[in-house]
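Working notes for the structure below.
Residue numbers (the numbering used here), protein chains in the order written: chain Y, 296 to 559; chain X, 72 to 493; chain E, 20 to 409.
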């Protein structure tokens, strides 16, 4: 039995085909303006790679922003539920999920059964998100990967004290143009520390418990994850393809709904 | 900084909307009589205010949780500033104009939108100019500090009630004396004398109303709950605006009977009650209709609101009218969260969750209401201990740009799924 | 430009001592020694808590404050939420992280939302053995004084019960004398700033103030006397482009004032919870009232916090300060998200600009030392003040 999960995000749309043997295939495409269009494109690519035809009967669950406007899905599920399912599937000991996305950060607490017991999110403010980090990379005039690599070399940490992303930007600029300029790795360390502090606040709101899974696009930023681990005081778990966790969760929920229907 | 030509245009909006809703309700067979009565109450209240210049009525603008009973007993027209601002924002959808007028006065974003809005509303003339400005420190610094600027804007005299922190006997006496001073102030400025017998009658009416609130709350314990999800907003408006008025008693009696009938017949407010919710603080006004729809769609109903519909213990003695008014101030639901948030307050909330068989709680984290948000963690932990999950919704009670229906829907869906999964 | 030597050496040995003392915050040796010898230490928050009562009970009162720098307040924010004032979050975080574990008691007033909730959350999650909140009226009426006196008496009773010993009038008189002496000495210090070229800067004054409420007053008075001696002998003269007054809520980081003074101004006066509003009025013991009443009266009447009504009381006293210290311009610093002071600002600004005193309004995080933005704005403000003089 195969199911399809689609996560429509502001920056990227992800699709996962789940089979009895596990993940059959997954795709990540850039999001356009139309949610339905994004979902359709992602689905086509995923099915293509899975060697499945468009006509094959398939249970589809969608999630993410704008997920409700997808006509061809059987069900729309909240991101938090999908994240929990996806993370537990990949990392069965997960009790906390930190999702770092392009525009939002979400922290979930899971109970023993892997169900969401509490959540805290941050979606009002740009600071501490993927887009913020992209902005910072532009200011530092280097790609994100280079920023991440450099951060591990920092001996000290520049103080980026402003809570607001807009002002943090000007602080970074002043560090770059200082005479003598603040070492790049220290600025980056300061930026990462600032981002991680926001995440820590969310974590403390729900209470910290191991094991912690870090997912979402920003989880690929090893430098940032290292700073997070330092603040937590322990290592976190990052799945191989952290951006597809929500879509995977959606596919799992699709399977659950079929199983439930069959058991009646 | 003086107010512009007061047109009271905002009031007209509320009156129009109230009359429209009343007509619409009359056309619906399933609409309850109490709904009609509520909107009639609103329309009448605001019509009186609007016609004050002609009738020569004396308008006393006041802030939230204020003893309007005193004004009614003196035949003075009270104008509840925060609620009126909320309603104007709700019915006209023009929150932006009054908020920016408030910002132009130099009021920082520290000042919550109801207060920034009402200052702006006075400036642009959406609210009519009052004859006096009355305010207290209930229930936060925003309210306590709002009066002087409003006096300045409206070029009118004002009186500040200093409401003490604890409910000790000495503090109660202090409050009574503050009220006495206010009566003298009102007599001096309005030319009307306080009729103490009348105040006794008004207090007796308030006492009746309090009992009705308690009975209504008892009825809401039923499974399924009989009162619709956003109905509590009407309950609190009635207390804010019409305390001590016989028309309000009639509304509450009608509502009580409707709910009693529904409970007897096992009729719930929603067809399929799936989630019984506790509401902490107040949802954004402009989302009222949306939240009602969500309620129907998901079978989720707000059954208890610790800060807004739960009344402290005690009765009011009409023979001691002023003391009763002071006592009532300590029984008001919202005042109980003024503080301190001690074991008494926290266990009360936990008990309510259990008595009402609450599945989950929604904490409306109004970005401008600092002292409410500062209590999120403490209440969340208390509720988690009795196995009630809490969803925190960032929003603003008046400003619709802070969050959107999509965002709220997404979060609520996630929360309902969490509750389902348990 | 000032004539002072480099930052690290002021030529004032006692100032160096104060500075070193401040660097040990919050675990000052003198405080910990006091505990070691069996003494109890209480933390108090805000200027409406009658310190003399605590002192008369033989307990060491020290002020609860937050970090001396801008730090990430993830704990404070998690417990008090993002929109609570940064001072309350900063204080709470220190407390939650155990930095205030040496306190035997905490005392506060129902002064503002931030303070109220700080105490609610403190009680729940930190739980210091003695916890007391006084109701502080917002008016100055005789009745308000009676109520506050009643609150002070209740506080005294609670304290006596906790300690198992009575607070005598004699002890109270002794404490009053001691605290009045501090106030008189601080007044002497401030008098020096009225000079055309004061020997002490605004930043340095704040360093002294910050130490004052974190150490035993006996010791503080001793040190301050030495400092005053040193200042009378000193050749230091601060010249400046403009004489400024800082006004606002609570500030404890002298670096912030240093940033402003670094642009060539001199902060000759300050109206803060942690400066003038703290020490300004003495307790008047003239025999007409009991010492307890005298203390109570002093604390309610003291230089007003923005929470008090009517605001004119505070504005009038600010106007007096401006006149006394011959202030050219006012810098308002309001921490995020302080409501009472934010409310006062439009009315205060209106009044000051009406009297020809320009106001620079800065919105800062508690603990800030002043970022590049602040420097730019101060520069522009000073240029404007100089242009005005010409």
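Note that beta-carbon positions come from the ideal geometry of N, C-alpha and C, so glycine has one too.
Fair warning: this is a prediction, and the values are worked out from it, not measured in the lab.
For residue i, decide whether its Cβ has a neighbour in chain Y, counting only Cβ atoms nearer than 8 angstroms.
i, result
"residue 96 of chain E", "yes"
"residue 255 of chain X", "no"
"residue 431 of chain X", "no"
"residue 489 of chain X", "yes"
"residue 485 of chain X", "yes"
"residue 478 of chain X", "yes"
"residue 463 of chain X", "yes"
Could you name the residues that DSSP lists as bridge partners for residue i?
i, result
"residue 346 of chain X", "X:371"
"residue 290 of chain E", "E:266"
"residue 466 of chain X", "X:437"
"residue 337 of chain Y", "Residue 337 of chain Y is not bridged to any residue."
"residue 355 of chain Y", "Y:299"
"residue 351 of chain X", "X:434"
"residue 230 of chain X", "X:205"
Using a Cβ-Cβ distance under 8 angstroms, would residue i count as near chain E?
i, result
"residue 441 of chain X", "yes"
"residue 492 of chain Y", "yes"
"residue 212 of chain X", "yes"
"residue 237 of chain X", "yes"
Is residue j closer than 8 angstroms to residue i when the C-beta atoms are compared?
i, j, result
"residue 398 of chain Y", "residue 305 of chain Y", "yes"
"residue 397 of chain E", "residue 284 of chain E", "yes"
"residue 171 of chain X", "residue 84 of chain X", "no"
"residue 318 of chain X", "residue 154 of chain E", "no"
"residue 238 of chain X", "residue 386 of chain X", "no"
"residue 338 of chain Y", "residue 301 of chain Y", "yes"
"residue 287 of chain E", "residue 217 of chain E", "yes"
Could you name the residues of chain E that residue i contacts, counting a contact when the two beta carbons are closer than 7 angstroms?
i, result
"residue 496 of chain Y", "93, 96, 97"
"residue 500 of chain Y", "97"
"residue 354 of chain X", "Correct list: empty, because the minimum Cβ distance to chain E is about 17 angstroms."
What does residue i touch in chain X if you count any residue whose Cβ is under 7 angstroms from its own?
i, result
"residue 477 of chain Y", "Simply none; closest approach about 31 angstroms."
"residue 413 of chain Y", "460"
"residue 225 of chain E", "Simply none; closest approach about 24 angstroms."
"residue 359 of chain E", "212, 216"
"residue 318 of chain E", "Within chain X, no residue comes near residue 318 of chain E; the closest Cβ sits about 16 angstroms away, beyond 7 angstroms."
"residue 102 of chain E", "438, 441, 444"
So with Cβ pairs under 8 angstroms, would you call residue i a contact of chain X?
i, result
"residue 366 of chain E", "yes"
"residue 329 of chain E", "yes"
"residue 135 of chain E", "yes"
"residue 410 of chain Y", "yes"
"residue 69 of chain E", "no"
"residue 175 of chain E", "no"
In chain E, what lies closer than 8 angstroms to residue i by C-beta?
i, result
"residue 71 of chain X", "Because residue 71 of chain X is not part of the residues shown, which for chain X are 72 to 493, the question remains open."
Would you check whether the ligand NAP has a heavy atom nearer than 7 angstroms to the C-beta of residue i?
i, result
"residue 144 of chain X", "In the structure on display, the ligand NAP does not appear, and there are no ligands present to speak of."
Please list the partners that residue i has in chain X, where partner means a Cβ-to-Cβ separation under 9 angstroms.
i, result
"residue 324 of chain E", "Correct list: empty, because the minimum Cβ distance to chain X is about 11 angstroms."
"residue 302 of chain Y", "In chain order: nothing, as chain X lies at least about 13 angstroms away."
Taking Cβ-Cβ distances shorter than 9 angstroms, what residues in chain Y pair up with residue i?
i, result
"residue 437 of chain X", "The contacting residues do not exist; residue 437 of chain X stays about 13 angstroms from chain Y at best."
At a CB-CB cut-off below 7 angstroms, which residues of chain Y make contact with residue i?
i, result
"residue 493 of chain X", "410"
"residue 472 of chain X", "Neighbours of residue 472 of chain X on chain Y: none; closest Cβ ~11 angstroms, over 7 angstroms."
Against residue i, what residues of chain Y qualify as contacts under a CB-to-CB distance less than 8 angstroms, listed in chain order?
i, result
"residue 448 of chain X", "500"
Closer than 9 angstroms by beta-carbon distance: list the chain E residues that pair up with residue i, in chain order.
i, result
"residue 411 of chain X", "129, 135, 138, 139, 142, 152"
By the criterion of Cβ-Cβ separation under 8 angstroms, what are the contact partners of residue i in chain X?
i, result
"residue 328 of chain Y", "Those do not exist, as residue 328 of chain Y stays about 15 angstroms from chain X at its closest Cβ, beyond 8 angstroms."
Is the segment 80-99 of chain E touching the segment 228-240 of chain E, taking contact as three or more C-beta pairs under 8 angstroms?
yes
Count the C-beta pairs between the segment 280-290 of chain X and the segment 309-325 of chain X that are closer than 8 angstroms, then say yes if the count reaches three, no if not.
Taking 8 angstroms as the limit for Cβ pairs, the verdict is that the segment 309-325 of chain X does touch the segment 280-290 of chain X.
Sufficient close CB pairs (3 or more, under 8 angstroms) joining the segment 251-262 of chain X to the segment 381-390 of chain X
Contact fails: fewer than three Cβ-Cβ distances are below 8 angstroms.
For the segment 291-306 of chain X against the segment 345-363 of chain X, do three or more pairs of beta-carbon atoms, one drawn from each stretch, fall closer than 8 angstroms, so that the two count as touching?
yes
Per the contact definition of three or more C-beta pairs closer than 8 angstroms, is the segment 124-133 of chain E in contact with the segment 61-79 of chain E?
yes
Could you tell me whether the segment 208-220 of chain X touches the segment 402-414 of chain X, using the rule of 3 or more Cβ pairs below 8 angstroms?
Cβ pair count under 8 angstroms is three or more, so yes.
So, do the segment 108-121 of chain E and the segment 141-148 of chain E have three or more beta carbon pairs nearer to each other than 8 angstroms?
yes
Say whether the segment 414-429 of chain X touches the segment 455-469 of chain X, bearing in mind that this needs 3 or more beta-carbon pairs closer than 8 angstroms, one atom from each stretch.
yes
Cβ contact (3+ pairs, closer than 8 angstroms) linking the segment 492-509 of chain Y and the segment 89-100 of chain E
Remark: three or more beta-carbon pairs, one from each stretch, lie closer than 8 angstroms, so the segment 492-509 of chain Y and the segment 89-100 of chain E are flagged as touching.
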